[in-house]
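Protein chains: 2
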Amino acid sequence: MPDQLVAKFRELGPVSAEMEAKIREEAFTEEYKAGKIILHQGEVCRKICLVTKGLTRSYYINDGKEVTSRFMGEGFIVTSWISYYTQKPTAEIIETLEDTTLICLHEPVIQKMYQDFPASNIIGREQVEYAFFLSEKRTQLLRGLTAGERFSTFADENPTLLTRVSMKHIASYLGMTEETLSRVRSKMYRPKNGIANS
Amino acid sequence: MPDQLVAKFRELGPVSAEMEAKIREEAFTEEYKAGKIILHQGEVCRKICLVTKGLTRSYYINDGKEVTSRFMGEGFIVTSWISYYTQKPTAEIIETLEDTTLICLHEPVIQKMYQDFPASNIIGREQVEYAFFLSEKRTQLLRGLTAGERFSTFADENPTLLTRVSMKHIASYLGMTEETLSRVRSKMYRPKNGIANS
DNA sequence: TAATACTCTTGACATCTGTCAAGACGAATG
DNA sequence: CATTCGTCTTGACAGATGTCAAGAGTATTA
Chain G
-10 MPDQLVAKFR ELGPVSAEME AKIREEAFTE EYKAGKIILH QGEVCRKICL
40 VTKGLTRSYY INDGKEVTSR FMGEGFIVTS WISYYTQKPT AEIIETLEDT
90 TLICLHEPVI QKMYQDFPAS NIIGREQVEY AFFLSEKRTQ LLRGLTAGER
140 FSTFADENPT LLTRVSMKHI ASYLGMTEET LSRVRSKMYR PKNGIANS
Chain V
-10 MPDQLVAKFR ELGPVSAEME AKIREEAFTE EYKAGKIILH QGEVCRKICL
40 VTKGLTRSYY INDGKEVTSR FMGEGFIVTS WISYYTQKPT AEIIETLEDT
90 TLICLHEPVI QKMYQDFPAS NIIGREQVEY AFFLSEKRTQ LLRGLTAGER
140 FSTFADENPT LLTRVSMKHI ASYLGMTEET LSRVRSKMYR PKNGIANS
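Written out as structure tokens, the structure is:
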């Protein structure tokens, strides 16, 4: 089972035999049915998990409304980066959208690995850089674009998610209401002008 | 001069004597007058700089309009993270808003340090985590809040920037037009209701 | 000093998006 | 099968924000 976690790390940086042994020793699997909450509001995020099967999303509550911050499918790391980084209670909630399997490491274990195997910091750095890169890209997506432009960009870049995620969640990810998304989509899949009328 | 860069790194993680020597050997200073562009659109970001004096902002052009992504003052690292990470041409432009002094390291030097001094990855990771943390916070600020709420949050958290940065740039940072920001501010610094009229 | 450029403000109006309400449709459940 | 629930759509309307235009005030420069 920890094979995939080791493989994921190997993509990012060198993994020594010792380190691999440590990972295999410490990694543990978690399984969730769809619709379960992995990280509750107010909890401190004390682990980092790799999604091996399924799909999750993270979101926070703003003014009573859910704001989706990320979708994390197979091969992605699931964690609330802010809470993990600060080790403070999270505002970000993480839930499963499908039946999901995770392979996880506890935070103290990771800290210990950073100390015992300095090269593991390469992996940590690469991973954070990648997550940051995704976050910046999304921020740029959300800014200065109209609702329609945001959706079509998202659809182009995430064709798979379109069928796996409900419109409600995509809308909240894209910073618009469900109704606006619905209108945007119906406009998009329809002729641009009235020529087709006659 | 590289003292401040070494000190900055020491805040984030251990710096060995060897590593310090390398930093002192490789670091170089750059000075810019206010209003100069440090990183042009389409350039690849090949260095990382610490602001020791002055103020910079990064922005990109969207649909002809500038969208400010960050302000970086004294003690902050200046770089286009996406371009630096991908080593591809940047969409993000970086300019100085005041006369600015930077201490910089070239990208290949940093890569070499990551290899030669594995512990330096701790510093890299911490730095990226922090930048990521700021980026996430800003994203949350921009989402689900009205123009007025965005400004008052920004004003609370960045009192200094209010006087150092023009309203035009703050508006584009907060995702609104200059006119909207102006109206928001005039409403804010005025009695909330009509009671004061009589 | 006059001329110019720049920043910020204000007004009028258009447009986008959110809100509230209702309904169609399909999936899940008893 | 009937019912219920959740998802998505559609309409009417209101409010927030953008756009265009103009003007006041200040700093900069010749």
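First to last, the protein sequences are chains G and V. Counting from 1, position 11 in the first sequence corresponds to residue 0 in the working numbering; the numbering is continuous, with no gaps. Counting from 1, position 111 in the second sequence corresponds to residue 100 in the working numbering; the numbering is continuous, with no gaps. Backbone N, C-alpha and C define an ideal beta-carbon position, used for all residues, glycine too.
For residue i, the residue or residues it bridges with in DSSP
i: LEU91 (chain G); result: G:GLU19 and G:VAL40
i: LYS25 (chain G); result: DSSP, once it has assigned bridges, lists no residue as partnering LYS25 (chain G).
i: VAL56 (chain G); result: G:TYR49
i: ILE82 (chain V); result: V:TYR48
i: ILE66 (chain G); result: G:LEU39
i: VAL33 (chain V); result: V:PRO78
i: MET61 (chain V); result: V:THR45
Local Cβ density within 10 Å of residue i, reported as buried at 16 or more and exposed below that
i: LYS11 (chain V); result: buried
i: GLN116 (chain G); result: buried
i: ALA6 (chain G); result: exposed
i: SER124 (chain G); result: buried
i: ARG127 (chain G); result: buried
i: PRO180 (chain V); result: A caution first: PRO180 (chain V) carries a pLDDT of 48, below 50, which makes its placement in the model unreliable, though a value can still be read off. Exposed: under 16 other Cβ atoms inside 10 Å.
i: THR57 (chain G); result: buried
i: GLY164 (chain G); result: buried
i: PHE17 (chain V); result: exposed
i: THR68 (chain G); result: buried
i: SER109 (chain V); result: buried
i: THR45 (chain V); result: buried
i: ASN182 (chain G); result: For ASN182 (chain G), the predicted structure reports a pLDDT of 42, less than 50, and the residue's modelled location is therefore unreliable. A value from the coordinates is still provided. Exposed, because fewer than 16 other Cβ atoms sit within 10 Å of the Cβ of ASN182 (chain G).
i: ARG59 (chain V); result: buried
i: ARG(-1) (chain G); result: exposed
i: SER187 (chain G); result: Since pLDDT at SER187 (chain G) reaches only 27, below the 50 mark, its modelled position is unreliable, and the value read off the structure follows with that caveat. With fewer than 16 Cβ atoms within 10 Å of its Cβ, SER187 (chain G) is classed as exposed.
i: PHE156 (chain V); result: Per the sequence shown, the amino acid found at residue 156 (chain V) is Met instead of Phe. Exposed, because fewer than 16 other Cβ atoms sit within 10 Å of the Cβ of MET156 (chain V).
i: ARG114 (chain V); result: buried
i: GLY62 (chain V); result: buried
i: HIS29 (chain V); result: exposed
i: SER175 (chain V); result: exposed
i: ALA160 (chain V); result: buried
i: THR149 (chain V); result: exposed
i: PRO3 (chain G); result: exposed
i: ALA(-4) (chain V); result: exposed
i: ARG13 (chain V); result: exposed
i: ALA23 (chain V); result: exposed
Under 8 Å from the C-beta of residue i: neighbouring residues of chain G
i: THR128 (chain V); result: SER58, SER124, ARG127, THR128 and LEU131
i: TYR21 (chain V); result: Here the premise fails: no neighbours, minimum Cβ distance about 24 Å.
Within chain V, the residues that residue i reaches when beta carbons sit closer than 8 Å
i: PRO107 (chain G); result: PRO107, ALA108, ASN110 and ILE111
Interface partners of residue i on chain V, CB under 7 Å
i: ARG114 (chain G); result: ASN110, GLY113, ARG114 and VAL117
i: PHE121 (chain G); result: TRP70, VAL117, ALA120, PHE121 and SER124
Listed by chain order, chain V residues near residue i by CB distance under 9 Å
i: GLY31 (chain G); result: Within chain V, no residue comes near GLY31 (chain G); the closest Cβ sits about 16 Å away, beyond 9 Å.
i: TYR178 (chain G); result: Under the 9 Å cutoff, chain V gives no residues; its nearest Cβ is about 23 Å from TYR178 (chain G).
| task | Quick one: which residues of the region 38 to 67 of chain V get their C-beta closer than 8 Å to a C-beta of chain G? List them in chain order. | result | TYR49, ASN51, ASP52, LYS54, VAL56 and SER58
- Item | Interfacial residues, the region 145 to 172 of chain V to chain G, with Cβ spacing under 7 Å | Going along the region 145 to 172 of chain V in chain order, one finds GLY164 with a Cβ nearer than 7 Å to chain G.
Fill in: Whole runs of the alpha helix (DSSP H) within the region 100 to 178 of chain V, excluding any shorter than 4 residues
109 to 131, 136 to 146, 148 to 153, 156 to 162 and 167 to 177
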